[in-house]
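Asks: In my numbering, the protein residues as written are 52 to 166. Ideal placement from N, C-alpha and C gives every residue a C-beta, glycine not left out.
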Amino acid sequence: VHLSVGLADGIRRTGMSGARPLLAGVNPRATFKALLDARRPLYSEVATFEIDTNRRSANQVVRAVLAVIGEPSADPADPADLLDEPTPHDEAAMRDEPLLPSPTFGPPQREGPDS
Numbered sequence: 052v053h054l055s056v057g058l059a060d061g062i063r064r065t066g067m068s069g070a071r072p073l074l075a076g077v078n079p080r081a082t083f084k085a086l087l088d089a090r091r092p093l094y095s096e097v098a099t100f101e102i103d104t105n106r107r108s109a110n111q112v113v114r115a116v117l118a119v120i121g122e123p124s125a126d127p128a129d130p131a132d133l134l135d136e137p138t139p140h141d142e143a144a145m146r147d148e149p150l151l152p153s154p155t156f157g158p159p160q161r162e163g164p165d166s
């Protein structure tokens with residue numbers, strides 16, 4: 052599945068931050084456009100499905116992907132399935148916050164009388 056994005060949405064999502072090594076340089080917008088233009092043909096060629104992510108929340112994109120791969124959770128022909136209010140997960144993603152707590156790892160827990 053190729054999740055396509057246009058220049059305007061891609062720029063908004065990346066924030067043109069200098070923290071992104073591929074966008075570091077004199078003109079991050081031109082660099083981003085060049086990356087899109089260079090990658091799009093290969094992504095389109097190898098993808099079985101292409102989903103336009105422009106102006107869609109993460110939740111909307113997930114439902115569109117599920118619809119094209121045949122999962123019964125969304126109807127791509129129904130605009131109501133694709134145009135909804137952002138969920139708390141969408142809002143967290145827009146703020147670059149983790150969607151789930153990070154797992155903590157420790158020694159294995161033992162059960163029984165010796166623990």
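Mind the definition here: the segment 86 to 102 touches the segment 113 to 121 only if three or more C-beta pairs lie below 8 Å; say whether that holds.
Replies: The answer is yes - the segment 113 to 121 touches the segment 86 to 102, with three or more Cβ pairs under 8 Å.
Asks: Are the CB atoms of Met67 and Leu74 within a distance shorter than 9 Å?
Replies: The residue given as residue 74 occupies position 23 in the sequence shown. The residue given as residue 67 occupies position 16 in the sequence shown. Yes, Cβ-Cβ distance for Leu74 and Met67 is below 9 Å.
Asks: Comparing C-alpha positions only, which one of Pro123, Pro79, Glu96 sits nearest to Ala59?
Replies: Counting from 1 along the sequence shown, the entry for residue 59 is found at position 8. Minimum Cα distance to Ala59 is reached at Pro79.
Asks: Decide if Ser95 is buried, meaning its Cβ has at least 16 other Cβ atoms within 10 Å, or exposed.
Replies: Mapped onto the sequence shown, residue 95 falls at position 44. Exposed is the call here.
Asks: Restricting to runs no shorter than 4 residues, where is the alpha helix (DSSP H) found entirely within the segment 91 to 126?
Replies: Fully enclosed alpha helix (DSSP H) runs of 4 or longer: 109 to 119.
Asks: Give the range of the beta strand (DSSP E) segment to which Leu74 is assigned.
Replies: Here residue 74 refers to the residue found at position 23 of the sequence shown. It is not in any beta strand (DSSP E) - Leu74 carries neither H nor E in the DSSP assignment.
Asks: Can you tell me which of Val97, His53, Ala85 puts its alpha carbon nearest to the alpha carbon of Ile62?
Replies: As a first step, residue 62 is located in the sequence shown; it is residue number 11 there, counting from the start. Selected option, being the one with the closest Cα: Ala85.
Asks: With 16 as the cutoff for other CB atoms within 10 Å, does Ala70 come out buried or exposed?
Replies: One-based indexing of the sequence shown puts residue 70 at position 19. Exposed, by the Cβ-count rule.
Asks: Do you know offhand how far Arg114's Cα is from Arg91's?
Replies: Mapped onto the sequence shown, residue 114 falls at position 63. Mapped onto the sequence shown, residue 91 falls at position 40. Between Arg114 and Arg91, the C-alpha separation is close to 22 Å.
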